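Residues in the sequence shown are numbered from 5 upward in steps of one, following my numbering. From the three backbone atoms N, C-alpha and C, an ideal C-beta is built for every residue, glycine too. Small disclaimer: the values here were computed from a predicted structure and weren't measured.
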Amino acid sequence: KTYFPDHALDWVRMIITLGDVNAPNCILKLFETQRKHFPDQHINWEECAVALGRSQFASIETFHLLLEVSVANRLDVENCQDQIANLIIEFPDDGDAREEQVRLLYSNLASCEQL
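What follows is the structure in structure tokens.
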């Protein structure tokens, strides 16, 4: 950031790459780095989740972690936390069925944020 302050990092590509190699701790570190050092740069978590949902390499555990991090980053509404947490737990292991569930999760999340 010091040398290239206007450079936008490709957070989505980095997260997808880390998800494909099942590196959940690295995803957490990357998330913390973005929050601490690049708060003005946005991560499209839904795009990350859809891509990892389609991935044949990302484990369901890595996928769950990604969803939990993205939801925790946005959700402060206590009455919706259980509903969203249940949606995450219920995600299918089958990658083909995940995209629809991801879209439902983020739709519910957006609804909760409007409360």
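- Our two residues, Leu108 and Lys40, have alpha carbons roughly 29 Å apart in a direct line.
- By the Cβ neighbour-count rule, Pro9 is exposed, with fewer than 16 other Cβ atoms within 10 Å of its own.
- A direct Cα-Cα distance of roughly 16 Å separates Asn90 from Ala53.
- Excluding five sequence positions before and after Glu50, the CB atoms of its chain that fall closer than 6 Å to its own CB belong to Tyr110, given in chain order.
- Every unbroken stretch of the alpha helix (DSSP H) spanning 4 or more residues and falling wholly within the segment 34-105 is given here in chain order: 49-58, 64-78, 82-93.
- Asn26 places its beta carbon less than 7 Å from that of Thr66.
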